[in-house]
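Here is the structure we will look at, set down as structure tokens.
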Amino acid sequence: PIETVAASAPTEPPETTNAPTAASKPATKTPEPPAKPDRKLSLDEITPVQAEQAIREALQLALTSSLEKLGAEGGFREDPNMRLSMPDEWARIDSVVRKINHADIADAFLNSLNGSAEIAVRELSPLVDDLVSNLPITDPKSALTSAADAVTQTLAAGSEKRLRSAVEATLESAFKSSNVETRKKALIEKARFANPFTSIKGVDELDLKRHVADQIVERIFVAIARQEHAIRQDPSKLKSEIGQSVFRTTQ
14 PIETVAASAP
24 TEPPETTNAP
34 TAASKPATKT
44 PEPPAKPDRK
54 LSLDEITPVQ
64 AEQAIREALQ
74 LALTSSLEKL
84 GAEGGFREDP
94 NMRLSMPDEW
104 ARIDSVVRKI
114 NHADIADAFL
124 NSLNGSAEIA
134 VRELSPLVDD
144 LVSNLPITDP
154 KSALTSAADA
164 VTQTLAAGSE
174 KRLRSAVEAT
184 LESAFKSSNV
194 ETRKKALIEK
204 ARFANPFTSI
214 KGVDELDLKR
224 HVADQIVERI
234 FVAIARQEHA
244 IRQDPSKLKS
254 EIGQSVFRTT
264 Q
């Protein structure tokens, strides 16, 4: 008889696992923050585009801050460096009135001029964005380094005429709100009462609005220059890293 042998069942290969071992498991890397320069950049490393961006950011801050400060109650009147002065043509009238112990009338007129300036400046805020964004800056690096107030000078060169026109346009209503004409008449009448021979030559011909507008614009740029100085001393006043880096090159 033929002996049969039962076929043995095939053996299955041992089960393997694809799980990585501790040795082969890739390490997870923590994302590193963007590298910041560990030194102050030189002006040569700043591009003209970056310089222009920084200048516009600085002007936006300086102009906005200046108008807010000057437009506040007492912004002109209470700051000796910003206070509007009496027109030269009025010096004799002012002197006569003060000599008869009516300095209050002279001060009331002067305060009305300063009050009108504060009102006028408040109306300029909507112009800030347009003045800064449309300002021509032909040589940004020179605008940073040619003078301590080079950025302010750049703004003055490109926008002073427009700013002056805007100021003059607001003074009509500002004069009314501050009773400038009423204070003016009271001052003249008191001077004539004290001395009928007081000369008022040139007073009636004086363009008082132009006198005030000239002083307002002059003081706005003085205030902006102050802000520029503060930014140059402490570039962290600017929000962008580009602005801060650019103005650090001027220190």
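The sequence shown begins at 14 in the numbering used here and counts up one residue at a time. Glycine included, C-beta positions come from ideal geometry on N, C-alpha and C.
Please name the residue in the options whose C-alpha comes closest to that of residue i.
i, options, result
"A119", "D107, V230, I113 and R96", "D107"
"F122", "A156, T263, A104 and E241", "A104"
"N94", "T263, Q240, A236 and L200", "A236"
"V145", "N124, L157 and G171", "G171"
"D162", "L184, S249, E241 and P209", "E241"
"R205", "A85, I113 and T263", "I113"
"E173", "F188, K189 and N147", "N147"
"P149", "L80, Q66 and N208", "Q66"
"R196", "Q63, K82, A64 and N124", "N124"
"D227", "Q63, R175, D117 and D143", "R175"
Just the Cα atoms here: how many angstroms apart are residue i and residue j?
i, j, result
"P44", "F260", "Because the pLDDT at P44 is just 43, under 50, the model does not fix this residue reliably, and the value given afterwards should be weighed accordingly. Computed Cα separation, rounded: 29 Å."
"E136", "V225", "15 Å"
"L126", "F234", "19 Å"
"S129", "L72", "25 Å"
"R111", "G256", "51 Å"
"T165", "T151", "14 Å"
"R96", "E58", "42 Å"
"P61", "P153", "6 Å"
"A156", "T167", "7 Å"
"L54", "G87", "41 Å"
"I201", "S191", "17 Å"
"P139", "E231", "19 Å"
"T262", "A238", "18 Å"
"D51", "S258", "Because the pLDDT at D51 is just 48, under 50, the model does not fix this residue reliably, and the value given afterwards should be weighed accordingly. Between D51 and S258, the C-alpha separation is close to 12 Å."
"S159", "K250", "22 Å"
"D92", "R177", "21 Å"
"G84", "E102", "27 Å"
"K222", "E185", "8 Å"
"A243", "P100", "32 Å"
"R69", "L80", "16 Å"
"E254", "A75", "17 Å"
"R245", "Q264", "7 Å"
"L219", "S98", "14 Å"
"K82", "L56", "32 Å"
"P248", "P209", "59 Å"
By the DSSP assignment, the alpha helix (DSSP H) with residue i in it spans what residues?
i, result
"F188", "A163 to S190"
"L123", "A116 to R135"
"A71", "P61 to G84"
"I113", "I113 -> no alpha helix (DSSP H), and no H or E assigned at all."
"E91", "That residue, E91, is in no alpha helix (DSSP H); it is neither H nor E in DSSP."
"P323", "Outside the displayed span of the chain (14 to 264) sits residue 323, for which this structure offers no information."
"E58", "Neither: E58 is in no alpha helix (DSSP H) and is coded neither H nor E."
"Q246", "L221 to Q246"
"I255", "E254 to R261"
"L200", "V193 to A207"
"L144", "V141 to S146"
Taking residue i and residue j to be in contact with their CB atoms under 8 Å, please state how far apart those CB atoms are, rounded to whole angstroms.
i, j, result
"V180", "I229", "5 Å"
"K198", "H115", "In fact, because the Cβ distance is near 14 Å, the residues do not count as touching under 8 Å."
"A133", "T183", "4 Å"
"F188", "E131", "Not a contact, Cβ separation roughly 12 Å."
"V207", "V109", "A small fix is needed here, since residue 207 is Ala in this sequence, not Val. The Cβ separation is near 5 Å, so the contact holds."
For chain D, find out if any of its Cβ atoms is closer than 9 Å to the Cβ of residue i; answer yes or no.
i, result
"V164", "No chain D is present in this structure, which holds just one protein chain."
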